[in-house]
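With the numbering used here as the guide, the letters of the sequence shown map in order to residues 13 to 282. Glycine included, each C-beta is placed from N, C-alpha and C at the ideal position. All values derive from a computational prediction rather than experimental measurement.
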Amino acid sequence: MKEKFLALGGKIETNCEVLDLEIEDKEVKKAVCSNGKTFTADYFIAAIDANFFYEKLLKGKYPDPQFQKRFENPEDYPVPSELRISIGYEGVPNNIPRTIRFPVSSPFKINGNIIDRLQLTNYDYEPDFSPEGKTLFSVTINQFNSDYDAWDELYNNKGNYRKEKDRIGEEVVKAIETRFPEMKGKLKVLDIATPKTFERYCNSYRGGIIAFSPTLKGKSMDHSGYVRGLKNIQLSGQWLQGTGGLPPALITGKASIMRICKKEKLEFVQ
Ligand SMILES: Cc1cc2nc3c(=O)[nH]c(=O)nc-3n(C[C@H](O)[C@H](O)[C@H](O)COP(=O)(O)OP(=O)(O)OC[C@H]3O[C@@H](n4cnc5c(N)ncnc54)[C@H](O)[C@@H]3O)c2cc1C
């Protein structure tokens, strides 16, 4: 997809966070980035987090009823997040599959919830992920609505936030060493990402790794991406459909381009 885009004359700028949109006469005139770069365009497609888009980029001036309803009610419209603990192993496991879920012999708590099983991903099939003779593992622990609130509060005290991450890292290493005694003393925590990490790096709403989860009271999302009151900008991506994920991200991206083609009376070429 990237090759095709470049071959057609497209340009890609990375590490270029858009922090402001200059709006005049119901049109976005300019996107202003954190590195000082600015971009003008006939049309803008915001393929980013929906909350960041409405609240930060549009400064809450173009509220959308479908999204407002969801942002104001995280109980019925929660977004799932996770803790991702990356661990280096000084060795190559020969007896564990790509993904394994195992019981924790001494369960521990995170935000009051008991963690008695862990899921470990073994990346020994990825030669570029670790030096020869060593292996990268990751352990993921699902995080939900109340977890985000707890991490958000803890984040106000960086020392305590760090300590809690370290404690979880130690518990996870202990659990792996108990399940796989041959790994004792050979595991090192490399990094721990919390919902606050996803929020900080990706501007993701409540640290979400995918869009709104289905609940009994929550309704499925189906949004066009148009912004009421603005003529030349659309939201695109996972937040517009169902519970998000890669398929809606692709489909809504295609729909955004098709709408521009229609407006410009251009043929949409697959
Ligand atoms: C660990 C994990 C596992 C997953 N597993 C699956 C799976 O198995 N199946 C599935 O369908 N989905 C899965 N997902 C979800 C899937 O990755 C997302 O639904 C999908 O990436 C959403 O695509 P998107 O283009 O809408 O948004 P994103 O992929 O979030 O892309 C948005 C981009 O915008 C950038 N950005 C944010 N703010 C700005 C700004 N102000 N200026 C410029 N750029 C900005 C972000 O850095 C990001 O690169 C998983 C996600 C995670 C984290």
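For this session: Classify G2 as helix, strand or coil using the three-state DSSP reduction.
Result: The chain is shown only over 13 to 282; residue 2 falls outside these bounds and no answer can be derived.
Exercise. Quick one: what's got a C-beta closer than 7 Å to I221's C-beta in the same chain, skipping five residues either side?
Worked result: Within the sequence shown, residue 221 is the residue found at index 209, counting from 1. The residues are P92, S93, E94, F210.
Problem set entry | Contact check, G181 vs I204, beta carbons under 9 Å | The residue you call residue 181 lines up with position 169 of the sequence shown. The residue you call residue 204 lines up with position 192 of the sequence shown. Closer than 9 Å, so yes.
Exercise. Going by the beta-carbon positions, is the gap between I108 and F192 smaller than 9 Å?
Worked result: Taking the first residue of the sequence shown as position 1, residue 108 is located at position 96. Taking the first residue of the sequence shown as position 1, residue 192 is located at position 180. Going by C-beta atoms, I108 is nearer than 9 Å to F192.
For this session: State the Cα-Cα distance for the pair A223 and N63, rounded to the nearest angstrom.
Result: Reading the sequence shown from its first residue, position 211 is the one you call residue 223. Reading the sequence shown from its first residue, position 51 is the one you call residue 63. Each residue's Cα considered, the two are about 11 Å apart.
Exercise. Quick one: what does DSSP say F83 is sitting in, helix, strand or coil?
Worked result: Taking the sequence shown and counting its residues from 1, the one referred to as residue 83 is at position 71. Three-state DSSP puts F83 in a helix.
Problem set entry | First through last residue of the beta strand (DSSP E) which encompasses F156 | Working through the sequence shown from its first residue, we reach residue 156 at position 144. Neither: F156 is in no beta strand (DSSP E) and is coded neither H nor E.
For this session: Please name the residue, chosen from K243, I263, G171, that lies closest to V40 on a Cα-to-Cα basis.
Result: Stepping through the sequence shown from its first residue, residue 40 is reached at position 28. Among K243, I263, G171, the Cα nearest to that of V40 is on K243.
Problem set entry | Boundaries (first-last residue) of the alpha helix (DSSP H) holding C273 | Start at 1 with the first residue of the sequence shown, and residue 273 comes out as number 261. Start and end: 258-275.
Problem set entry | Complete runs of the beta strand (DSSP E) confined to the region 23-86 [at least 3 residues] | 30-36, 39-45, 50-52, 56-58
Problem set entry | Where G100 sits in the DSSP three-state scheme | Locating residue 100 in the sequence shown gives position 88, counting from the first residue. Strand, per DSSP.
Exercise. Taking the alpha-carbon positions, what's the R82 to Q253 distance?
Worked result: In the sequence shown, the residue the question calls residue 82 occupies position 70. In the sequence shown, the residue the question calls residue 253 occupies position 241. Each residue's alpha carbon lies about 13 Å from the other.
Exercise. What residue does the beta strand (DSSP E) around L18 start on, and which one ends it?
Worked result: If you number the sequence shown from 1, residue 18 lands on position 6. Here L18 belongs to no beta strand (DSSP E); instead the alpha helix (DSSP H) covers 14-19.
Problem set entry | For T209, the three-state DSSP class (helix, strand or coil) | Taking the sequence shown and counting its residues from 1, the one referred to as residue 209 is at position 197. Three-state DSSP puts T209 in a helix.
Exercise. Thinking C-alpha only, which one of P75, L69, F120 is nearest E183?
Worked result: In the sequence shown, residue 183 corresponds to position 171, counting from 1. Nearest option by C-alpha distance: F120.
For this session: Please say whether K23 and E34 have beta carbons closer to each other than 9 Å?
Result: Translated into positions along the sequence shown, residue 34 becomes position 22. Translated into positions along the sequence shown, residue 23 becomes position 11. Going by C-beta atoms, E34 is not nearer than 9 Å to K23.
Problem set entry | Same chain, Cβ closer than 6 Å to V151, five either side skipped, listed in chain order | Here residue 151 is taken as the residue at index 139 of the sequence shown, counted from 1. Answer for V151: I97, L130, L132, V184, listed in chain order.
Exercise. What residue does the alpha helix (DSSP H) around I180 start on, and which one ends it?
Worked result: The residue you call residue 180 lines up with position 168 of the sequence shown. In the DSSP assignment, I180 falls within the alpha helix (DSSP H) that extends over 170-191.
Exercise. Does DSSP classify F114 as helix, strand or coil?
Worked result: As a working mapping, residue 114 is identified with position 102 in the sequence shown. Correct three-state label for F114: strand.
For this session: Output the distance between the C-alpha atoms of K49 and C28, rounded to the nearest integer angstrom.
Result: Start at 1 with the first residue of the sequence shown, and residue 49 comes out as number 37. Start at 1 with the first residue of the sequence shown, and residue 28 comes out as number 16. C-alpha separation (whole angstroms): 8 Å.
Problem set entry | 8 Å contact criterion, which A53 and S248 should meet: CB distance rounded | Start at 1 with the first residue of the sequence shown, and residue 53 comes out as number 41. Start at 1 with the first residue of the sequence shown, and residue 248 comes out as number 236. That pair is no contact at about 14 Å.
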